[in-house]
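Trainee:
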Amino acid sequence: MAGKLVKCPICRKPVTWEGNPHRPFCSERCKLVDLGHWLSEDYRISVPRDILEDEKEVDDGKV
Ligand SMILES: [Zn+2]
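Its first residue numbered 1, the sequence shown is counted upward by one per residue in the UniProt record's numbering.
#1: Select from Glu-41, Ser-40, Trp-38, Cys-26 the residue whose C-alpha is nearest the C-alpha of Cys-8.
#2: Spell out whether any CB of chain C is found under 9 Å from the CB atom of Pro-21.
#3: Please classify Cys-30 as buried or exposed, where buried requires at least 16 other C-beta atoms within 10 Å of its C-beta.
#4: Is Val-15 near ligand 1, going by C-beta to nearest heavy atom under 8 Å?
#5: What are the start and end residues of the alpha helix (DSSP H) that includes Lys-7?
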């Protein structure tokens with residue numbers, strides 16, 4: 001057996017389940033994308049405004 005393959009819920013790429021630290025995602029990036037999805041939807045309500053404002057400032061500083 002060559003190890004179980006699962007589809008990454010974000011990019012639909014087949015990824016190995018065993019030995020994959022980011023499962024069920026293919027990579028840390030997709031994991032963060034998924035986290036971002038629910039940060040922007042569910043979490044926004046309970047995250048203090050200050051944190052969001054801080055992130056904005058950092059972004060603005062870069063540009
Ligand atoms: Zn992926």
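We put the CB at the ideal spot given by N, CA and C, even for glycine.
Mentor: Taking the coordinates as given:
#1: The count along the sequence shown starts at 1 and reaches residue 8 at position 8. Taking only the C-alpha atoms, the option nearest Cys-8 is Cys-26.
#2: The question asks about chain C, but that chain is absent: this structure has only one protein chain.
#3: Translated into positions along the sequence shown, residue 30 becomes position 30. Looking at its Cβ environment, which holds 16 or more other Cβ atoms inside 10 Å, Cys-30 is buried.
#4: One-based indexing of the sequence shown puts residue 15 at position 15. Yes - ligand 1 has a heavy atom lying nearer than 8 Å to the Cβ of Val-15.
#5: Position 7 of the sequence shown, counting from 1, holds the residue named residue 7. No alpha helix (DSSP H) contains Lys-7, which is instead part of the beta strand (DSSP E) from 5-7.
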